[in-house]
Amino acid sequence: MLNEKKKLNKGSLITLIIILVFLIATIVLENTINPNSLLFTVIRKAAVYSLVAVSMNLLNGFTGLFSLGQAGFMLLGAYTYAILTIPNDVRDIIYYLFQGSSFHVSTVGFFEGILGDTGVAAFISMILGVIIAIVAGGLVAALVAYLIGLPVLRLKSDYLAIATLGFAEILRAIFQWDKLGKITNGANALRGYPTFSDFNIKAENGATVLRLSSFIPLLFAGICILVIVLLINSSYGRAFKAIRDDEVAAEAMGINLAKHKMMSFCISSFFAGVGGALFAMFASTVQAKTFTSAMTYEIFLIVVIGGIGSISGSCIASFLYIACSEWWLRFLDNTQYINGTQLPLFRNGFRMVVFSVVIMVIVLFFRDGLFGDKELPDLFKKRRVKKDGE
Amino acid sequence: MANNVLHVENVTMQFGGVVAVDNLSMDINEGEIVSLIGPNGAGKTTAFNCITGVYEPTNGLVEFCGKPIVRNHPQGKMKKNYLGQNPDMYLGEVVANTPDIITQQGIARTFQNIRLWKSMTVFENVLLAKHMNAKQNVFSATFRFNKKEEERMREETMELLVQQGLDKYKDEIATSLPYGLQRRLEIARALAAEPKLLLLDEPAAGMNPQETEELTAFIRQIRDDYNITIFLIEHHMNLVMDISDRIYVIEFGKEIAHGLPKEIQKNPKVIDAYLGG
């Protein structure tokens, strides 16, 4: 047993070091190079997407439930977060089309009322308010997932995917409904709530002392992913995998299918909701029309590219995917000149063509995704196992 | 008279117009090894599935240790189309349990075509059978507040693997084991659920004579070691005659004979059924 633990630690240790180096590098870079660099947009968005991708992987990859409702749960999380954290004094301006909001509780304002609204106290109450609103976003998503799950989880494979996709679309339509305008602001955007840049530590005179706006999303997403990893390695995680591998055998060994599927569905939705709240912070406006099924497909693509059933795969794939779509392939959309002659093909939309080809290549040559069902620590362990075999 | 473990009474399973199990009744007592035999398609596995809750029988009653675990009467469309007997005998209360609840009550089973969890190691396969009885919930398990429980599960699993001689394969992926060992692992997994009654669905399928012989000794041994009752379906007559205390024979879903192995061997109906006389 002891020996096994040591071996496990080696792979995990290297992974841990990689993650730490990445976190530290993010903080250092953010405070040294131009903070408007696209790199930071990529890091923030990819951190959010990796959390949502991992939550989708928990459902699709580990429990074997093919669900496409992720964007819907993100929408719930994002709206809950925004509605709960918009400061009361700007609420009426944002909801002007509906003559003000009918909701007048701001979690940040609540803590400011207790702790004070200046300096450090304001900063701490902002953090507390944001965290509570994020968790609330997750809980709302999980609650709705529970209600949706009651009828829908009886379905299997493609039918479940269609049903969840449908529910996500219905949710989007409901949030754009004028009658709910006093709460959701209809089809208009919600804004004015704390975003990642509010986490930059500022001096009294307003100058930024320490930039944390890219570190914070990594931290939040990282904590959530850690919880999912712990869950997957627990007894319940094993039960989820058993359901994925063989439902009949799982049921025959005393695993309550309905209960475990519901659990997985709700937990996955909880983290999708948290991801949605983080996405709201990233985008700094929330509008129902952003949470389309295309967003779910994007996330599903990340899961597939990373490897269905691999957490580290999903994380790395989401960074690669977002970097490609937001940064590395951007130049393809702009008109390019060489010696004054305009290159053909380089115009708006060409990026997506190249992108599709890249994805096809990945799907063709890495059938199981980049990682298959392996994790990052496994890659470092492999060599050791071979040595042991000799 | 030993205690009754499993009591099956007039169980009928009808799929559309096909009566797969027709008015089957049987009793299994504590510590016995009882076999269910019959030609291909006789409804043996269907009978198993009715007992373990995979199917809900159309009519009939199954009791486990005196407690009804399945009880049903023809309902809905079946009321009109029912082709079996005793349609009015079990009116009233309907007891329908899902397989997981029946397993939790103490009936574990193996499958005709091995159903191990293919992405998991040997150790995890057995460990998971302990999941249902562990005192934990999803929060305590995620945040590792259930350390004691988890350790107990791991220890018991290891103990069982050592007893079954599977400990040296514990870190291998379950489906990479040779066929005979996979069978054994499936039985070990069922034993990990700590059943009172073990249902084995063709445990010797695909085994050579020597492996079958080993299996015979193995089944006897687990009956004695773990103090359980065994009910099995099998086609290898050597094994069945060797091991069984009693045998039930069914054909086309109906029981055609039951008794001691010696009696069954001489029973003309059974010989007819098998030789197609």
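Chains as they are written, first to last, in our numbering: chain L, 1 to 390; chain G, 1001 to 1277. Where a beta carbon is used, it is the ideal one built from N, C-alpha and C, also for glycine.
Inter-residue distance for residue 1047 of chain G and residue 356 of chain L is about 53 Å (C-alpha atoms, whole angstroms).
Contacts with chain G (Cβ-Cβ distance below 7 Å) from the stretch 226-245 of chain L involve 227, 230, 231, 234, 235, 236, 238, 239, 241, 242, 245, listed in chain order. For residue 162 of chain L, not one C-beta of chain G is nearer than 8 Å to its own C-beta. Taking CB atoms only, residue 255 of chain L has a neighbour in chain G less than 8 Å away. Interface residue (Cβ-Cβ distance to chain L less than 8 Å): residue 1131 of chain G is classified as such.
For residue 1063 of chain G, same chain residues with a beta-carbon under 6 Å away, outside a window of 5 residues either side, are 1007 in chain order. Residue 1189 of chain G reaches chain L at 249, 253, counting residues in chain order whose Cβ is nearer than 9 Å. Residue 85 of chain L places its beta carbon 8 Å or farther from that of residue 118 of chain L. Within chain L, no C-beta atom comes nearer than 9 Å to that of residue 1070 of chain G; the closest sits roughly 15 Å away. Bounds of the alpha helix (DSSP H) holding residue 45 of chain L are 38-57.
Interface with chain L (8 Å Cβ-Cβ cutoff): residue 1138 of chain G is included.
Between residue 291 of chain L and residue 191 of chain L, the CB-CB gap reaches or exceeds 8 Å. Shown here is that no member of the stretch 86-109 of chain L has a Cβ falling below 9 Å from a Cβ of chain G. Within 7 Å of the CB of residue 1057 of chain G, no CB atom of chain L is found; the nearest one sits about 17 Å away.
Secondary structure at residue 139 of chain L: helix, using DSSP grouped into helix, strand and coil.
A distance of 8 Å or more separates the beta carbons of residue 166 of chain L and residue 176 of chain L.
In the three-state scheme derived from DSSP, where H, G and I count as helix and E and B as strand, residue 287 of chain L is classed as coil.
Assignment of residue 342 of chain L by DSSP, reduced to helix, strand and coil, places it in the strand class. Cβ atoms of residue 1028 of chain G and residue 1234 of chain G stay farther apart than 8 Å, at about 15 Å. Setting aside the 5 residues that flank it on each side, residue 161 of chain L is surrounded in the same chain by 66, 67, 68, each with a C-beta closer than 7 Å to its C-beta; the list follows chain order. Per DSSP, residue 1015 of chain G is not a residue of any alpha helix (DSSP H); the beta strand (DSSP E) it occupies stretches across 1004-1015. Residue 1156 of chain G sits in a helix when the DSSP states are folded into three classes. Judged by DSSP secondary structure, residue 1025 of chain G falls within the beta strand (DSSP E) whose first and last residues are 1018-1029. Here residue 259 of chain L carries a helix assignment [DSSP, helix/strand/coil]. Taking C-beta atoms under 8 Å as the contact rule, residue 225 of chain L and residue 50 of chain L qualify, at a distance of about 7 Å.
Contact of residue 1124 of chain G with chain L is assigned, a C-beta pair being separated by under 8 Å. Judged by DSSP secondary structure, residue 1125 of chain G falls within the alpha helix (DSSP H) whose first and last residues are 1122-1128. Where residue 1261 of chain G is concerned, the enclosing alpha helix (DSSP H) starts and stops at 1261-1266.
For residue 1006 of chain G, the nearest beta carbon of chain L is not closer than 8 Å to its own beta carbon. For residue 1035 of chain G, the enclosing beta strand (DSSP E) starts and ends at 1033-1037. With a cutoff of 8 Å on beta-carbon distance, residue 269 of chain L and residue 163 of chain L are scored as not near each other. Sixteen is the threshold: since fewer than 16 other Cβ atoms of the shown chains lie within 10 Å of the Cβ of residue 1238 of chain G, the residue is exposed.
Between the stretch 1076-1085 of chain G and the stretch 1129-1140 of chain G, the count of Cβ pairs shorter than 8 Å is below three; the stretches do not touch.
The DSSP-derived three-state label of residue 217 of chain L is helix. Here the stretch 246-265 of chain L lies against the stretch 1093-1102 of chain G, with 3 or more beta-carbon pairs under 8 Å apart. Here residue 1146 of chain G is buried: its Cβ has 16 or more other Cβ atoms, across all protein chains shown, within 10 Å.
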